[in-house]
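Visitor: First, the structure itself, so that you have it in front of you.
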Amino acid sequence: MKRLISGLVKRSDTKRDRFRDRIVVVTGGSAGLGRATAIAFAKAGAQIAILARDNERLRDAQEEIESYGVKCLPLSVDVADADAVDQAASLVESELGPIEVWVNNAMTTIFAPIDQIEPAEFKRATEVTYLGVVYGTMAALKRMRHRDRGTIVQVGSALAYRSIPLQSAYCGAKHAIRGFTDSLRAELIHERSRLRLTMVQMPALNTPQFDWCLSRMPRKSQPVPPIFQPEVGAQAILWAIEHRRRELYVGWPSLKTIIGNKLFPALGDRLAASEAWDGQMTSEAQTGGAAANLFAPVAGIERAHGRFDARALARSRELGLRESLGWLIPLSLTAIVAGFALRAVLSA
9 MKRLISGLVK RSDTKRDRFR DRIVVVTGGS AGLGRATAIA FAKAGAQIAI
59 LARDNERLRD AQEEIESYGV KCLPLSVDVA DADAVDQAAS LVESELGPIE
109 VWVNNAMTTI FAPIDQIEPA EFKRATEVTY LGVVYGTMAA LKRMRHRDRG
159 TIVQVGSALA YRSIPLQSAY CGAKHAIRGF TDSLRAELIH ERSRLRLTMV
209 QMPALNTPQF DWCLSRMPRK SQPVPPIFQP EVGAQAILWA IEHRRRELYV
259 GWPSLKTIIG NKLFPALGDR LAASEAWDGQ MTSEAQTGGA AANLFAPVAG
309 IERAHGRFDA RALARSRELG LRESLGWLIP LSLTAIVAGF ALRAVLSA
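Taking the working numbering, the leading residue of the sequence shown gets 9, the next gets one more, and so forth.
Encoded structure:
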């Protein structure tokens, strides 16, 4: 059975050339999930533009992406600058061709209780994580609309539904992205547009953000386990595009969190309060003066993975089964989640 499931999950990895010569833009594409996504598109034959701030990491990512025999255009852009994002989109179309896929992935966050966050810090995290998605979407729409084709992907999170302590700026931004995307989708349907919007809700991923993002906690940050490798999220993005999904919950943790929160939000509040506080910190003390990427990029080369390789899962069985069995799996898992949540309430 394990061999069967592993084979099902790997199946999409063997579909070479399925994005051959399509023009793809990935924001936050120099590291973390964005880099893993750009590499996944490169393996599938796409021509790629990556947007990020740090030129050194952009060049390093370009070399890795182009090692798969495709062209990569690295562009130093702050996604919180609407004019810069629009200019980058124009440059992509002049250098590579018409943009067919735009992936809004760039983000930053602050690990701290709300009373320890300065207004300027909260504003900056919101501008990057939320408005960066809005500006990227506007730039993509401006070019896709007259062609009446193209796909825009919003990289979301289970935290777009279930907020947790210590990440008010990030959770607020992800909720806002979901609201913005649903509103825009309704507008496109009203216009009878053939443009596609999809939001991919990620689980905890092993990316460098947990060393980069500003933290005021006493111990080092970590994703709330279980942790997945960023390639799981990248695979999900490509699959959601190919299968024209409105929304995709990636992995059992995301599905359980989102469905459980819809059914029993008050229980979710209590679980978040009791488990997600310490769950976002390792046992290792936070060193003073750690670099943070909130207002400027952190120097140095980082790639797709963070420091949790020993604990991160390389495959999502739920995603693999979904790819093979379609809607049967999410419907079945939803019923299972509802059963577990009801049991928890009855036993409380």
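Note that CB positions come from ideal geometry on N, CA and C, so glycine has one too.
1. Please state the DSSP three-state secondary structure of alanine 60.
2. What residues match up with tyrosine 257 in a beta bridge as DSSP calls it?
3. Report the option in Gly40, Ser229, Pro173, Arg153 whose CA atom is closest to the CA atom of isoleucine 197.
4. What does the alpha-carbon distance come out to for the pair alanine 194 and glutamate 292?
5. Quick one: what does DSSP say valine 78 is sitting in, helix, strand or coil?
6. Taking its Cβ as the centre, do 16 or more other Cβ atoms sit within 10 Å of aspartate 62, making it buried, or is it exposed?
7. What does phenylalanine 119 pair with, by DSSP beta-bridge criteria?
8. Are the beta-carbon atoms belonging to threonine 290 and alanine 166 less than 7 Å from one another?
9. In terms of residues, what are the limits of the alpha helix (DSSP H) holding glutamate 126?
10. Taking contact to mean at least 3 C-beta pairs separated by less than 8 Å, is the stretch 118-129 in contact with the stretch 57-77?
11. Assign lysine 51 to buried or exposed, taking buried as 16 or more other Cβ atoms, counted over all protein chains shown, within 10 Å of its Cβ.
12. Helix, strand or coil for asparagine 112 per DSSP?
13. Does the Cβ of aspartate 68 lie closer than 6 Å to at least one heavy atom of the ligand NAD?
14. Looking at C-beta atoms only, is the number of pairs between the stretch 36-55 and the stretch 229-248 that lie closer than 8 Å three or more?
15. In this structure, does DSSP put alanine 97 in helix, strand or coil?
16. Counting only runs that start and end within the stretch 132-202, where is the beta strand (DSSP E) found for 3 or more residues in a row?
17. Can you tell me whether DSSP reads threonine 35 as helix, strand or coil?
18. Check each candidate in Leu321, Trp110, Pro211 and name the one with the smallest Cα separation from threonine 145.
19. With DSSP collapsed to three states, give me the class of phenylalanine 218.
20. Going straight from the alpha carbon of alanine 181 to that of arginine 170, what length do you get?
21. Rounding to the nearest angstrom, what Cα-Cα distance links tryptophan 260 and phenylalanine 303 in this structure?
22. Out of curiosity, what's the CA-to-CA distance linking cysteine 179 and alanine 168?
23. Sort Val32, Ala90, Ala92 by Cα distance to lysine 79 and report the nearest one.
24. Taking the straight line between their C-alpha atoms, what separation do you get for isoleucine 118 and valine 208?
25. Counting only runs that start and end within the stretch 283-309, where is the alpha helix (DSSP H) found for 4 or more residues in a row?
26. So, is histidine 313 buried or exposed, given that buried needs 16 or more other C-beta atoms within 10 angstroms?
27. Excluding the 5 residues flanking alanine 322 on each side, which residues of the same chain have their C-beta closer than 6 Å to its C-beta?
28. Cα separation between valine 100 and isoleucine 107?
Guide: According to the structure data:
1. Alanine 60 falls in the strand class under three-state DSSP.
2. Gln209
3. Arg153
4. A straight-line Cα-Cα distance of about 46 Å links alanine 194 and glutamate 292.
5. coil
6. buried
7. Ser223
8. no
9. Glutamate 126 -> no alpha helix (DSSP H), and no H or E assigned at all.
10. no
11. buried
12. strand
13. The ligand NAD is not part of this structure, which contains no ligands at all.
14. yes
15. Looking at alanine 97 - three-state DSSP - the assignment turns out to be helix.
16. 159-165
17. Strand.
18. Trp110
19. helix
20. 12 Å
21. 34 Å
22. Cα to Cα, cysteine 179 sits roughly 6 Å from alanine 168.
23. Val32
24. For the pair isoleucine 118 and valine 208, the Cα-to-Cα distance works out to about 22 Å.
25. none
26. buried
27. Closer than 6 Å at the Cβ level, and outside the excluded window around alanine 322, lie Gln237.
28. Going by the C-alpha atoms only, they are around 7 Å apart.
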